[in-house]
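Note that my numbering has the sequence shown beginning at 28, numbered continuously upward. Ideal placement from N, C-alpha and C gives every residue a C-beta, glycine not left out. Here the structure comes first, spelled out in C-alpha cells, and everything after it is commentary.
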Amino acid sequence: MQEKYMGRLAQAGPFPFDAMFACRKATEADIPLIRSLAGVAFPATYRELLSPAQLDYMMEWMYSEQSLREQLRGGHVFYIASCDGEPCGYVSVERQGERLFHLQKIYVLPRFQGCGAGAFLFRTAVAHVRALQPGVCRMELNVN
Numbered sequence: 028m029q030e031k032y033m034g035r036l037a038q039a040g041p042f043p044f045d046a047m048f049a050c051r052k053a054t055e056a057d058i059p060l061i062r063s064l065a066g067v068a069f070p071a072t073y074r075e076l077l078s079p080a081q082l083d084y085m086m087e088w089m090y091s092e093q094s095l096r097e098q099l100r101g102g103h104v105f106y107i108a109s110c111d112g113e114p115c116g117y118v119s120v121e122r123q124g125e126r127l128f129h130l131q132k133i134y135v136l137p138r139f140q141g142c143g144a145g146a147f148l149f150r151t152a153v154a155h156v157r158a159l160q161p162g163v164c165r166m167e168l169n170v171n
C-alpha cells in the first residue's frame, strides 16, 4: 500500500501520508457505512482477544443501527477517513464535560494499516477537540 503513495511525499508536509487521506464528519446517513467498516475492522482487531460470541455481542451493542443512531444523537461525533475515495476507517469522539473529551473509537481496515491512516484519524479527532475547546482540555481513551 505505501509504495503506491511514495510519489506524494514531495508534496506532503510534516505528516507525509496525510496527502492521500480525506476525512469527513459522518451523519446518520453514514450508519450503513460505519457498520460496514466496523464489521471488518472491529473483528480483525479483537479476534485474538474475544470469542466469536463476545464479538457478536460487542458488534450488536456498539454497532447496531439503533446503537449508532443513539450515539450520533447523543453527542458522539464520527469522522470517516478515505484513501483515494475509498473509506478506510473511522474515529468517534464524545464531549463529556467542558474540558473533557473521550476518544470512543478509532479503527482502520486491516489493508490500510501501516500507512498512516490511524495517525490521520487521531489528528482529526484532536483537531475536532481543539475546534470545540481551544484552551486547555483533556482527551481520554480506553485501551483494551
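- Cβ atoms of Ala-71 and Val-118 stay farther apart than 8 Å, at about 17 Å.
- Residue burial is scored here from C-beta neighbours: Gln-98 has at least 16 other C-beta atoms within 10 angstroms and is therefore classed as buried.
- If only uninterrupted beta strand (DSSP E) runs of at least 3 residues are considered, those enclosed by the segment 38 to 115 are 48 to 52, 103 to 110.
- Residue pairing by DSSP places Gly-124 opposite Leu-127 in a beta bridge.
- CA-to-CA, the gap between Gly-116 and Gly-145 works out to about 8 Å.
- Burial is judged here by how many other beta carbons sit within 10 angstroms of a residue's own beta carbon; Lys-132 has at least 16 and is buried.
- Excluding five sequence positions before and after Ala-53, the CB atoms of its chain that fall closer than 6 Å to its own CB belong to Phe-105, Ile-107, given in chain order.
- Residue pairing for Arg-165: DSSP places it in a beta bridge opposite Leu-127.
- At least 7 Å separates the beta-carbon of Met-89 from that of Phe-128.
- If you compare the alpha carbons of Leu-130, Phe-139, Cys-142 with that of Val-156, the shortest gap goes to Leu-130.
- Ranking Arg-51, Cys-50, Pro-137 by CA distance to the CA of Tyr-73 puts Pro-137 first.
- Judged by beta-carbon spacing, Glu-121 lies within the 7 Å limit of Gly-102, meaning their Cβ atoms are closer than that value.
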